[in-house]
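Take a look at the structure set out below.
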Amino acid sequence: MHATVGDRLHVKGRHVGEKEHVAEVLEVHGQDGAPPYRVRYDDGHETLMYPGTDCVVEQRGPTD
């Protein structure tokens, strides 16, 4: 997995009916864009995250 500051991580729900969570990458602590990432969720919660296979990176666009 590779992410940069400003990218969004989409974490799929683990149970039927559970919504997807979206977090913005604030800091990249691994080498060359590798995890762990400090992220902020839409509700304002911040955490250090090692994304699993249920996570997809949405790269920010050049105008974001």
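Residue 10 in this note's numbering is what sits at position 17 of the sequence shown, and the numbering runs on without skipping anything.
Note that beta-carbon positions come from the ideal geometry of N, C-alpha and C, so glycine has one too.
Values in this document were obtained by computation on a predicted structure and should not be read as measured data.
Please classify residue i: is it buried, with 16 or more other beta-carbons within 10 angstroms of its beta-carbon, or exposed?
i	result
D36	exposed
P44	buried
V(-2)	exposed
V32	buried
In angstroms with no decimal places, state the Cα-to-Cα distance between residue i and residue j.
i	j	result
A16	A(-4)	12 Å
P55	R1	14 Å
K5	K12	7 Å
G10	H3	16 Å
Y34	Q52	16 Å
Would you kindly report the start and end of the unbroken beta strand (DSSP E) that includes residue i?
i	result
Y30	30 to 34
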